[in-house]
Structure formats: structure tokens, C-alpha cells
Amino acid sequence: DSDALDIPAGRSTSSMRDYSPPEMFIPAASPTNLSATISAYNISSKLLQLNVSWIPSKDGVPASSYNLHVIPLNESDPHCANEPYYVFIEDANRTHWLVSPKPLVMGVHESNSRLIAPDCSYRIRLEANPHDGKTYTELDIKIPDCVERICSCRHASDLPSPKLQVEQIDNQALNITWLLAEHRNISSFILRAGPEVISGTHSAVYNLSWFRSVPVSATDMYHETYLASGA
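Just so you know, my numbering puts the end of the sequence shown at 285, numbered straight through with nothing missing.
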């Protein structure tokens, strides 16, 4: 019957240490069949949109989300839209994404809303998450010179300038007359008319509510009537 105190022995922790190797990071498998179609977002405002689609990979680690990039390839070309586009797509079940202009500002598209321009090239890159920074799917595209009456102005300086005359008939109608001295490289004329609007940046923007395509004829004088009702 000793009065000595029991001193607890130190407990070894070596058997509790985890010596298993760390989990290896495995990136998600890249999607396949990346494609894109171009269409008009707003013809009167000359804005285009890009519909990007893909097929999720059936092999490897499934994607938890996507990163979509649209990279301009004509950075020094003033006729092209040079602002890169990026979006994080949280829904892994999505198989397409619409790259459209920026939201309206006071009901008017600002000039920086133009993301896609005719006669310009872009690189589309789609990354599946988890992403290792090296695995992705890419597609280079070239936008046609004209898409649904939205055309590049790259060669506008090569075209002759018609002499335009506008006569107001009443509050609902205008007579539009123009004279062309030569018909070189011209197949048709495009007339647009509508009320003028001032944007948030104090730039003149036209809400073009009336559109008409006039084919070139053998005559030099042309005449059209604009009705406010759109008739």
C-alpha cells in the first residue's frame, strides 16, 4: 500500500500517423465536338451573337463546371472587336452557351457592347473544371463578311458615295432620293431610317426601325419612300 502517485506513461503517436500517399489531382476530361454558329443579335444595331456548343466527355473525370473564353485574333485591326470574353459556366449539365452583346444601357447599345464583328477571327477555348491549366478544347473561327445584312465596313472606303437628298412629306413619311455617278463594285443599296437617340456616352445612336434593300439598276437616280409606320 504505497502512497506513491501513478505517473501516466507518454502515449506513442507513431502508430496514428497517416503515411498513405497524397491524392493525385486528376483534371476533368475535355469536352468534345466544340462548334459555333454566328447569327444576328440586333440587325438595326449591327450586333452579332455566337452560339457555342459542345459534348461533355464520356471518359475520365466528369466536369463540375466550365470556363469559356473567346479570344480575338485581330488585335491590331480597328475593324474588329478586340475585347476578350470570359464566362464561368456553373451548370455542368449545359452543352451550349450564347455569347451575346452586353446589356442595354438606358435602352441603347453602347459601342463597347460589340463582342463579335464581321470579317474577323476568334479563338474559342473551353476548359472543364477541375482544370489543371493545360487541358482544354479550342476552335478557331472566321466570321463571314456579312451575316444577316450585318456587314463589315472594312472596304467601305472603296465604294462610291451616293449623293443623298431627303424631303419630308409630312410627319409620317419621307421621300429619299439619291444619285450615283458610277456603279463600280455595287450590287445593291441598303436604306435604314429611324428616330435618333443619344446614348449614355452622349453619342448619336439610331433606333433603325425601317430597313430596305434596293438592287442596283441601269439608272443613276433612285427613289424610295420611308413611312414611320414601317409600311
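We put the beta carbon where it would ideally sit given N, CA and C, even for glycine.
Just checking my contact of residue i with residue j at CB under 8 Å: how many whole Å lie between their CB atoms?
i: LYS217; j: LEU233; result: 5 Å
i: LEU102; j: ILE204; result: 6 Å
i: GLU137; j: LEU169; result: 6 Å
i: LEU88; j: THR191; result: 5 Å
i: ILE80; j: VAL115; result: 5 Å
What does a CB cutoff of less than 8 Å around residue i pick up in its chain, not counting 5 residues either side in sequence?
i: THR149; result: SER107, TRP108, ILE109 and PRO110
i: ALA117; result: ALA82, ALA83, PRO85, PRO110, SER111, ALA146, ALA182 and ASN183
i: PRO198; result: ILE92, PRO172 and ASP173
i: LEU59; result: Per-residue confidence for LEU59 stands at a pLDDT of 44, beneath the threshold of 50, marking its modelled position as unreliable; the derived number appears in the next sentence. Excluding residues within five positions, none has a Cβ falling inside 8 Å.
i: ILE143; result: SER119, TYR120, ASN121, LEU122 and TRP151
In chain order, what residues of the same chain lie with their CB nearer than 7 Å to the CB of residue i, ignoring the 5 residues before and after it?
i: LYS196; result: SER175
i: CYS200; result: PRO172
i: CYS207; result: HIS133
i: LEU152; result: GLN103 and ASN105
i: ILE223; result: ASN229
i: THR67; result: With a pLDDT of 45 at THR67, under the threshold of 50, the modelled position of this residue cannot be trusted; read the value that follows with caution. No residues qualify anywhere along the chain.
i: GLU129; result: ASN136
Please name the residue, chosen from the options, that lies closest to residue i on a Cα-to-Cα basis.
i: CYS134; options: THR86, LYS100, ASP186 and GLY114; result: LYS100
i: PHE243; options: LYS112, ALA210 and GLN222; result: ALA210
i: LEU127; options: TYR139, GLU202 and ASN121; result: TYR139
i: LYS112; options: LEU122, THR86 and ASN105; result: THR86
i: ALA83; options: HIS185, CYS207 and GLU221; result: HIS185
i: ALA182; options: ASN105, ILE92, MET78 and LEU122; result: LEU122
i: LEU193; options: LEU213, GLU129, ASP224 and ASN105; result: ASN105
Report all residues from its chain with a CB closer than 6 Å to the CB of residue i; omit the five preceding and five following residues, and keep chain order.
i: SER154; result: TYR95 and GLN103
i: VAL141; result: LEU122
i: ASN225; result: none
i: GLY187; result: none
i: MET78; result: none
Looking at residue i: is its Cβ nearer than 9 Å to the Cβ of residue j?
i: ALA90; j: SER119; result: no
i: SER93; j: GLU221; result: no
Taking the beta strand (DSSP E) that residue i belongs to, which residues open and close that run?
i: ARG179; result: 175-183
i: LYS196; result: 191-196
i: ALA227; result: 227-233
i: ILE125; result: 119-126
For chain B, is any of its Cβ atoms less than 9 Å away from the one on residue i?
i: SER206; result: Protein chain content of the structure displayed is limited to a single chain, and chain B is not contained in it.
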